[in-house]
Structure formats: C-alpha cells, structure tokens
Amino acid sequence: VQLVESGGGLVQPGGSLRLSCEATKITWPFSMYDMSWYRQVSGKERELVARINSTDGVADYADSVKDRFTISRDNDKQTIHLQMNNLKPDDTAIYYCSAKRILTYWGQGTQVTVSS
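Under the working numbering, the first residue of the sequence shown carries the number 26, and numbering increases by one thereafter.
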C-alpha cells in the first residue's frame, strides 16, 4: 500500500487548508481500510488527529481539533481528506496519512505551518 499526502503549506492563523491522501497499490478494497490522520512535531510523539472507520464511516477527533477539522473519505477515488479550519499555531506539524487493515501503512507526510 502506498499513501501520498498533499495540500500542506503555510497559512496564517484563522486560515484553512485541505489535506488529501491518495492510496495506491492496495490489496483490499479501499472501503475496508480504517483511515486516519496523525501529526507530529519534532521531538514529540506522533498523535492521532482524526480517523474514519471502514465499517460505517463514523469519524472521531482529537479534542484539540474538534469542531475545526473534518475528515472524509471517497472510496471510489481511494482518497481521504482533512478539512482544517480556524487553524492555530499549535496545529503546526507534519501531517501523516495512515491506512490500517491487519497491517498499518504510512505516508511520507506533508508539512503544515500556521504562522503570521
């Protein structure tokens, strides 16, 4: 499984970004993978930001991003998105896409920087 993230960049506080993650070389139908976004700041552990499960598409979020971020999936395009609104400097991190079915797969990450 290969995961490629895109959509990161530099944005001012209060701004928005939309991250995308496309999966290729999958061995099961994309709809069977639990998909997640994580983020990591240098020197800190990688933390879960949002996930959307394979069975019913229910999503859950880290408390720090609730009501600001929305995760979604398009099974036909083998893609997930993370819509990030009202961004804060504390959201600055490398964002990673993850796919899980028996094994867990990771993308290379995309940098998000929130700064004025």
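Yeah, the Cβ is synthetic: ideal placement off N, Cα and C, and Gly gets one too.
Please report the Cβ distance between residue i and residue j, rounded to the nearest whole angstrom; I am assuming they are in contact, meaning their Cβ atoms lie under 8 Å.
{"i": "Tyr120", "j": "Leu73", "result": "With 8 Å as the limit, Tyr120 and Leu73 do not qualify as a contact, their Cβ atoms being about 11 Å apart."}
{"i": "Ile17", "j": "Leu107", "result": "With the chain covering only 26 through 141, there is no way to say anything about residue 17."}
The beta strand (DSSP E) that contains residue i, what's its start and end?
{"i": "Arg93", "result": "Per DSSP, Arg93 belongs to no beta strand (DSSP E) and is neither H nor E."}
{"i": "Ala75", "result": "Glu72 to Ile77"}
{"i": "Lys102", "result": "No beta strand (DSSP E) holds Lys102; DSSP gives it neither H nor E."}
{"i": "Ala87", "result": "Unbroken run through Ala87: none, as it is neither H nor E."}
{"i": "Leu112", "result": "Run containing Leu112: none; DSSP gives neither H nor E here."}
{"i": "Tyr130", "result": "Leu128 to Trp131"}
{"i": "Trp62", "result": "Asp59 to Gln65"}
Who are the near neighbours of residue i in its chain, counting only those whose CB is closer than 7 Å to its CB and skipping five residues on each side?
{"i": "Met57", "result": "Ser79 and Arg126"}
{"i": "Thr129", "result": "Ser123"}
{"i": "Gly40", "result": "Leu112"}
{"i": "Ala118", "result": "Arg64, Gln65, Val66 and Val137"}
Excluding the five sequence neighbours on either side, which residues of its own chain have a C-beta within less than 8 Å of the C-beta of residue i, listed in chain order?
{"i": "Arg71", "result": "Tyr63, Arg64, Gln65 and Tyr121"}
In whole angstroms, what is the alpha-carbon distance linking residue i and residue j?
{"i": "Asp116", "j": "Ser61", "result": "16 Å"}
{"i": "Met104", "j": "Ile51", "result": "The amino acid occupying residue 104 in the given sequence is Thr; Met does not appear at that position. Roughly 12 Å separates the two Cα atoms."}
{"i": "Asp81", "j": "Ala75", "result": "15 Å"}
{"i": "Asp101", "j": "Asp92", "result": "26 Å"}
{"i": "Met109", "j": "Pro54", "result": "27 Å"}
{"i": "Trp131", "j": "Val29", "result": "9 Å"}
{"i": "Val83", "j": "Gly34", "result": "28 Å"}
{"i": "Ser141", "j": "Cys46", "result": "26 Å"}
{"i": "Arg98", "j": "Gly32", "result": "15 Å"}
{"i": "Ile77", "j": "Gln133", "result": "20 Å"}
{"i": "Pro38", "j": "Asp59", "result": "30 Å"}
What residues in its chain sit with their C-beta under 6 Å from that of residue i, if we drop five residues either side in the sequence?
{"i": "Gln27", "result": "Thr49 and Lys50"}
{"i": "Val36", "result": "Leu42, Leu112 and Val139"}
Going by the C-beta, is residue i closer than 7 Å to any heavy atom of the ligand HEM?
{"i": "Glu47", "result": "With respect to the ligand HEM, the structure shown offers nothing to examine, as it has no ligands at all."}
Counting Cβ pairs, one atom from each stretch, are 3 or more of them under 8 Å apart for the segment 87 to 100 and the segment 130 to 138?
-> no
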